[in-house]
Structure formats: C-alpha cells, structure tokens
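Q: Protein chains in written order, with my numbering: chain B, 34 to 294; chain F, 172 to 302.
Here a beta-carbon is modelled for each residue, glycine too, at the ideal position from N, C-alpha and C.
Quick caveat, the model's predicted, so the values are computed rather than measured.
Here you go, one structure.
This is the structure we're talking about:
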C-alpha cells in the first residue's frame, strides 16, 4: 500500500487481498481524507496536510502487527495507491474466476474517488473492458474474488463474442466506437455508443464509464458517413475486392465521396 | 464487509521488523533545534519545537511534552543548524522506536523512514569530525 508523499510502502503478507483490505482501507482513507480537508481548513498547507493525514493513515495500519513499512520496488500481487490530497485510490490486482473447472486469471486496475465511493474497473490484457462498482457492492463478502472476477469473465466472453459476431444465439447490440481523443492537456479514452434505434450517439468516458453527453447532430452525420464507409469497405474486403494498402485508399475515397454527397 | 474485519486489521502490537537496526550507528551529542509534527495519542495533530539530545545519520533522540506511541510516525524539520543558519524547510519522516518517561517530559528515539535523505546537515559524514 502506497500513500502519495509517504516515503515507504506499507506491506502485509496476509491481508492484501481486496476481499479483506479494500473496504477497511477505504474506511480509513475516508477518515484520512476528511482529516486532510480539516487541516487545510485550519490553515495547514496542502503538502503538510497530506503528510499529516498520510501519517495518520499509516500509523492506524501499523497498529496491526501484520503491516510493516518497507522500501518501494517489490512486485506485489495486490497494490494500492492512495492520494489523500486528491481523495483518489488506484489499485492493481489479480483476480481468478472459475467456470467449468477452468480458472481464468484477470489483471485489473481499479480507480476511484474515495469520498464518493464510485470505482471504475479496467481489465488489463487481451480483452480490455471497463465497468463500475460502488462502495456498497464492495461490502459484499468475497465481492472481488467472486462477483467482480465473474463479471470480468462475463465481459471477456462478451468481448470474444464481439470479435465473432456471427456466433449463434448472440443478440444484436447497438454499435459502439472506442477511440482515444487527444485534448490540449491529456488523452481521454472514450466510447461512442448508439442509443437504441434512434440516430443519437452518446459519448462516455471509457475509464470511468461517466456519460459526457450526446454527440451534436453535425458530428453524428460525419460519424454515420464514416461507419457506412467502413461497412462498405469491410464488405468489399470480404468479397475479395480490396486488401492491404489498397483498402485504405478505398476507405479514403469512400469517405470523400460521402462527404461530397 | 462486516465491521469486525476493520477491528481485525487494527491489532495491538507494532512493527519491530520495520526498524531492525535500532540505531547501532555512531551517535553525536548535538543539540539541534527541531520541529516535531505528528498525531498525538488523542488523534489530534501537533507541532512541537524541541532540541535533539543526540543524532546519528539515520536517527535522533529528543524529548516531547506529550507521549507518543511506539511505531507511530512523526515528521521532523530542522529549524536551525548548529552554525545558526536556517534549517532545510523540508520535513523528513521518522518512526518512533522507543519511548521513555522522564520527570518532566517523554524521551523518544526515532529512526528515519527516508534513509536516502540527509535529514540533518550537522551530522558528520563517515570519517569526518563533528562540526
């Protein structure tokens, strides 16, 4: 467990699994975040308030003999990073889901705001997926090792079906576009998702799942053109008309033609 | 998760393994003005000015008017060097490794959690005489 600005990490051999540590850690961290805010309100600088609240949090865990301080750099199966000044937690963990006597392992990253108690989960690996859970869900016993792990598996299966869309029994799902948008200050992964049968596209934060809003009509037209061109291109490629570099030329031409029309 | 998990995680004893060396290094009897900041046993933050009674490269001993728990963490800032120059404004974190009651104060030994940081510029480097 690492606390921003704190010089060493807190290490535990027995209590690191999120089923055991996540909720108590969040409870202690919430107290530390409030403490930090109180110190700032009382006139401490943000840096000092963060240090003092880090001291408070670390001391509370060091009361348990299973926790000790150690230098940074060890590779841990479960890693927690707390930034008390910004009230955020980032966690990396490995979860295991067992279905039909086959075990799947998932590396997950969980990020969230400690006071609000809403967390986004991102699976890391071949089939990345994102979803959310809240503090109340996390209080369910074995939430991480069962519910969350199974949700990861469910999303992995969904993702594989997405890659093989003609699989029998698959319900048609609204189209979705995932992309990373570069703003002047950062790169934001976003998802554009078509809203039912309507010609509206909603924009979501791909990491946190938050909804940004509905795409403006003008942008929707461009997106519609692009998707139609992509569809034509894929049909053409599947029919053997285009492949390799020629395919991208085809796409460029198709997009231009549509823009003209 | 039930509340008893929280109490399970907050046991009784400290972390002897986190500071196994217990300041075996050379100590110097230097009276350096420091500010000690931390969380008292009552859970309230405090800042107290005091002086060291001895220092070493990785630790120091000082007295405070209030008792702290063994293994608790404090931040120490050197207020002035022996030459009278203002100390480094940076706080360095220490862990309290022993606490002893004296007639009018609490004497404490502390071990730095930032061994890569020179916490006190007055401590001679190895082979140098004390300044």
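Residue 93(B) to residue 84(B), Cα distance in whole Å?
A: Their backbone Cα atoms lie some 14 Å apart in a straight line.
Q: Just the C-alpha distance for residue 309(F) and residue 211(F), rounded to the nearest angstrom, thanks.
A: Residue 309(F) lies beyond the range of chain F shown here (172 to 302); nothing can be said about it.
Q: How about the region 263-275 of chain F and the region 230-248 of chain F: do they share at least three Cβ pairs that are nearer than 8 Å?
A: Verdict: yes, contact present.
Q: To test your reading of the DSSP string, which unbroken beta strand (DSSP E) runs of 3 or more residues are found completely within the region 79-103 of chain B?
A: Within the region 79-103 of chain B, the complete beta strand (DSSP E) runs of at least 3 residues are 100-103.
Q: Could you check which residue in 220(F), 228(F), 203(F) has the C-alpha nearest to that of residue 197(F)?
A: The shortest C-alpha separation from residue 197(F) is found at 228(F).
Q: Comparing alpha-carbon positions, which option in 239(B), 243(B), 270(B), 233(B) lies nearest residue 255(B)?
A: For residue 255(B), the nearest C-alpha among the options comes from 233(B).
Q: Answer with yes or no whether the minimum CB distance from residue 279(F) to chain D is below 7 Å.
A: Note that chain D does not occur in the displayed structure, where the protein chains are B and F.
Q: Taking Cβ-Cβ distances shorter than 7 Å, what residues in chain B pair up with residue 216(F)?
A: By Cβ distance, chain B contributes 72, 85.
Q: Could you check which residue in 34(B), 218(B), 244(B) has the C-alpha nearest to that of residue 103(B)?
A: Ranking the options by Cα distance to residue 103(B), first place goes to 34(B).
Q: Using a C-beta cutoff of 7 Å, does residue 284(F) count as contacting chain B?
A: Yes, residue 284(F) counts as interfacial toward chain B.
Q: Answer with buried or exposed for residue 207(F), where buried requires no fewer than 16 other C-beta atoms within 10 angstroms of its C-beta.
A: Looking at its Cβ environment, which holds 16 or more other Cβ atoms inside 10 Å, residue 207(F) is buried.
Q: Closest Cβ-Cβ distance between residue 192(F) and chain B: below 7 Å?
A: Because the pLDDT of residue 192(F) is 47, which lies under 50, any placement of that residue in the model is unreliable, and the number read from its coordinates should be weighed accordingly. No, residue 192(F) lies away from the interface with chain B (no Cβ there is under 7 Å from its Cβ).
Q: Check the DSSP bridge columns for residue 142(B) and list the partner residues they point to.
A: Paired residue(s): 125(B), 155(B).
Q: Note the first and the last residue of the continuous alpha helix (DSSP H) segment covering residue 55(B).
A: Where residue 55(B) is concerned, the enclosing alpha helix (DSSP H) stretches over 51-74.
Q: At a cut of 8 Å, does the region 252-259 of chain F reach the region 215-234 of chain F through at least three beta carbon pairs?
A: Too few Cβ pairs lie closer than 8 Å, so no.
Q: Find the residues of chain B that neighbour residue 208(F), judging by a C-beta separation of less than 7 Å, and give them in chain order.
A: Simply 85.
Q: Taking residue 266(F) as part of the beta strand (DSSP E), name the residues at either end of that continuous run.
A: Element bounds for residue 266(F): 263-272.
Q: Closer than 6 Å by C-beta to residue 211(B): which residues in its own chain qualify, once you throw out the five before and the five after it? Chain order, please.
A: 224, listed in sequence order.
Q: When we look at the beta-carbon of residue 129(B) and count the other beta-carbons within 10 Å, is it buried (16 or more) or exposed?
A: Exposed, by the Cβ-count rule.
Q: Using 7 Å as the limit for Cβ to Cβ distance, is residue 249(B) near chain F?
A: It does not; no Cβ of chain F falls within 7 Å.
Q: Closer than 8 Å, Cβ to Cβ, to anything on chain F: give me those residues from the region 100-112 of chain B, in chain order.
A: Those residues of the region 100-112 of chain B that come within reach of chain F (Cβ to Cβ, closer than 8 Å) are 100, 101, 102, 103.
Q: Exposed or buried, residue 227(B), counting other C-beta atoms within 10 Å across all chains shown (16 or more means buried)?
A: Classification for residue 227(B): buried.
Q: Rounded C-beta distance between residue 293(F) and residue 253(F)? I'm assuming under 8 Å.
A: Contact holds; Cβ gap of about 5 Å.
Q: On the DSSP letters alone, give me the boundaries of the beta strand (DSSP E) that residue 265(B) sits inside.
A: Counting along the chain, residue 265(B) falls outside any beta strand (DSSP E), though it belongs to the alpha helix (DSSP H) covering 250-271.
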